[in-house]
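2 protein chains.
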Amino acid sequence: MAGTDQLSAVFSALADPTRRAIIAELAERDATVTELTAPLSISMPAVSRHLKVLQRAALISRSRSGKWRASHLEAAPLREAADWIERYRRFWDSSLTRLDAHLAAMRTAGPAPDRTVDDPRGLA
Amino acid sequence: MAGTDQLSAVFSALADPTRRAIIAELAERDATVTELTAPLSISMPAVSRHLKVLQRAALISRSRSGKWRASHLEAAPLREAADWIERYRRFWDSSLTRLDAHLAAMRTAGPAPDRTVDDPRGLA
DNA sequence: CCTTCACTTAACCTAGCGGTTAAGTGAAGG
DNA sequence: CCTTCACTTAACCGCTAGGTTAAGTGAAGG
Numbered sequence: 001m002a003g004t005d006q007l008s009a010v011f012s013a014l015a016d017p018t019r020r021a022i023i024a025e026l027a028e029r030d031a032t033v034t035e036l037t038a039p040l041s042i043s044m045p046a047v048s049r050h051l052k053v054l055q056r057a058a059l060i061s062r063s064r065s066g067k068w069r070a071s072h073l074e075a076a077p078l079r080e081a082a083d084w085i086e087r088y089r090r091f092w093d094s095s096l097t098r099l100d101a102h103l104a105a106m107r108t109a110g111p112a113p114d115r116t117v118d119d120p121r122g123l124a
Numbered sequence: 125m126a127g128t129d130q131l132s133a134v135f136s137a138l139a140d141p142t143r144r145a146i147i148a149e150l151a152e153r154d155a156t157v158t159e160l161t162a163p164l165s166i167s168m169p170a171v172s173r174h175l176k177v178l179q180r181a182a183l184i185s186r187s188r189s190g191k192w193r194a195s196h197l198e199a200a201p202l203r204e205a206a207d208w209i210e211r212y213r214r215f216w217d218s219s220l221t222r223l224d225a226h227l228a229a230m231r232t233a234g235p236a237p238d239r240t241v242d243d244p245r246g247l248a
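The listed protein sequences correspond, in order, to chains G and U.
Read in order, the letters of the first sequence are residues 1 to 124 in this note's numbering.
Read in order, the letters of the second sequence are residues 125 to 248 in this note's numbering.
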């Protein structure tokens, strides 16, 4: 899963299209494993393990009612993921491109550091 | 990487904290492999491969200038990732919770489907 | 009860990740 | 030239992911 931190777990969970499909489904309504398996063309054990991954990332909760186990979307962790990505919005949002260019210019401004062949970016 | 689609590649790339750190660094300024390696306490080959992953996800571009290879953040793919997550904002954004509850009620409304022990969620 | 249903767990597979060290490449420079 | 610098590629490692089939679990029900 790469890191063991929350954010890594969430991004890792989202990296699988099957799990994204499960999330999309659970956004509509809670569902049992059988219901989730039906449209997925993989075995129920496979789905069961995807659910475990989503649960470890705290993206779903599960409840038992008789022989059925329903999965319920818990989207709170998505907020952290969204927040992380949002920090870079200025890099793709065209309405902020001008500002970004300005800020980049600000960063590059100042004493105009010496740039040599050995130090092409003036970091020395 | 789970899927080979663009979105999976991006989320997969973001799932590693080292790669997120690299992105954070490149958001400040373009950087060479050596510069990126310095604060990371892993070997340069390891960083080199992280960069390849980021490049496959189209999150960075690379240019050559003499013996230096600079990496440059290309955040466009982050937009897709952000857009995907945004679809679920109503599940965590409290200002939308009331609306969400309303929509859920709408979905559940109607002929009030029969619910039996065999069909606890009235899907039959 | 014994079976069926709805799962979960186990065992196994192949493929890929992330790290290492060591060897290869290609431009710069004394 | 030959070396050094800044990487990249190769070979190898242990670990995890995602799939399978088969066996286990536990509540419902004739």
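All residues carry an ideal CB built from backbone N, CA and C; glycine is no exception.
Asked                                                                                                                                             : Found
Interface positions of the region 37-48 of chain G facing chain U (Cβ-Cβ less than 8 Å), listed along the chain                                   : none
Given residue 94 of chain G as reference, the closest of U/199, U/182 and U/130 once Cα atoms are compared                                        : U/199
Near-chain U residues of the region 63-86 of chain G (beta-carbon distance less than 9 Å), N- to C-terminal order                                 : 65, 66, 68, 70, 73, 74, 75, 76, 77, 78, 79, 81, 82, 84, 85 and 86
Chain U within 8 Å of residue 51 of chain G, Cβ atoms only                                                                                        : no
Cα-Cα separation, residue 215 of chain U to residue 190 of chain U                                                                                : 50 Å
Under 7 Å from the C-beta of residue 138 of chain U: neighbouring residues of chain G                                                             : 11
Helix, strand or coil at residue 289 of chain U according to DSSP, with G and I counted as helix                                                  : This structure cannot settle anything about residue 289 of chain U, because the visible part of chain U is limited to 125 through 248.
Any chain G beta carbon closer than 8 Å to residue 132 of chain U                                                                                 : yes
Option in U/130, U/182 and U/157 with minimal Cα separation from residue 193 of chain U                                                           : U/157
Distance between residue 23 of chain G and residue 31 of chain G (C-alpha atoms, nearest Å)                                                       : 10 Å
Proximity test, Cβ basis, 8 Å: residue 145 of chain U and chain G                                                                                 : no
Stretch-stretch touch, CB-based, cutoff 8 Å, three pairs: the region 169-188 of chain U with the region 33-50 of chain G                          : no
CB contact check: residue 151 of chain U to chain G, cutoff 8 Å                                                                                   : yes
Boundaries of the alpha helix (DSSP H) in which residue 153 of chain U is found, first to last residue                                            : Neither: residue 153 of chain U is in no alpha helix (DSSP H) and is coded neither H nor E.
Euclidean distance between Cα positions of residue 182 of chain U and residue 38 of chain G                                                       : 34 Å
Contacts around residue 111 of chain G, its chain only, beta-carbon distance under 7 Å, and the 5 residues preceding and following it disregarded : Unreliable placement is indicated for residue 111 of chain G, whose pLDDT of 41 sits below 50; the coordinate value is still reported in the next sentence. None.
8 Å Cβ cutoff, residue 58 of chain G in contact with chain U                                                                                      : no
Per-residue burial, residue 13 of chain G [other beta carbons within 10 Å of its own, 16 or more giving buried]                                   : buried
Residue 60 of chain G - partner residues in DSSP beta bridges                                                                                     : G/73
Short Cβ contact (8 Å threshold) for residue 73 of chain G with residue 60 of chain G                                                             : yes
For residue 212 of chain U and residue 27 of chain G, the rounded distance between their alpha carbons                                            : 8 Å
CB contact below 8 Å: residue 115 of chain G versus chain U                                                                                       : With a pLDDT of only 45 at residue 115 of chain G, under 50, the local geometry of the prediction cannot be trusted, and the value read off the model is given with reservation. So no, residue 115 of chain G is outside the interface.
Per-residue burial, residue 16 of chain G [other beta carbons within 10 Å of its own, 16 or more giving buried]                                   : buried
Member of G/83, G/4, G/21 and G/6 whose CA lies at the smallest distance from the CA of residue 132 of chain U                                    : G/21
Straight-line gap, residue 134 of chain U to residue 83 of chain G (C-alpha atoms, nearest Å)                                                     : 16 Å
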